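Student:
In our numbering, the protein residues as written are 235 to 307.
1. How far does the alpha helix (DSSP H) with residue 235 in it reach, from first residue to last?
2. Would you mind giving the Cβ-Cβ distance between residue 286 and residue 292, rounded to the nearest angstrom? I have them listed as a contact below 8 Å.
3. Check residue 278 in the structure and name its three-state DSSP category.
4. Starting from residue 302, trace the alpha helix (DSSP H) both ways and give me its first and last residue.
5. Give the DSSP-derived three-state secondary structure of residue 269 in the structure shown.
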């Protein structure tokens with residue numbers, strides 16, 4: 235119940251506070267563990283394609299076709 239009230243306040247009254255809180259706790263975790271958090275930089279399409287192929291989400295034929303499509307753009 236309390237969580238719902240707080241969440242409603244954050245979303246409707248002060249949405250920036252929500253993100254600032256996350257950034258604060260992420261930086262604290264990085265300081266404690268000594269490891270950086272996940273990267274938020276955008277990935278390149280070919281890197282995403284390679285990762286999907288490596289995970290087995292797409293076949294070799296799909297990979298080759300999609301790679302050709304990306305090269306044509």
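Positions of the beta carbon are idealized from the N, C-alpha and C atoms, including for glycine.
Note that the structure is predicted; figures quoted are calculated from it, not measured.
Tutor: Here's the rundown:
1. Walking along the chain shown from the start, residue 235 turns up at place 1. Taken as a continuous stretch (DSSP letters only), residue 235 belongs to no alpha helix (DSSP H), as it is neither H nor E.
2. On the chain shown, residue 286 is found 52 positions in, with the first residue counted as 1. On the chain shown, residue 292 is found 58 positions in, with the first residue counted as 1. Right, the Cβ-Cβ distance comes to about 5 Å (below 8 Å), so this counts as a contact.
3. Taking the chain shown and counting its residues from 1, the one referred to as residue 278 is at position 44. Residue 278 falls in the coil class under three-state DSSP.
4. For this step, residue 302 is matched to residue 68 along the chain shown. Residues 294-306.
5. The residue given as residue 269 occupies position 35 in the chain shown. DSSP, read as helix, strand or coil, puts residue 269 in coil.
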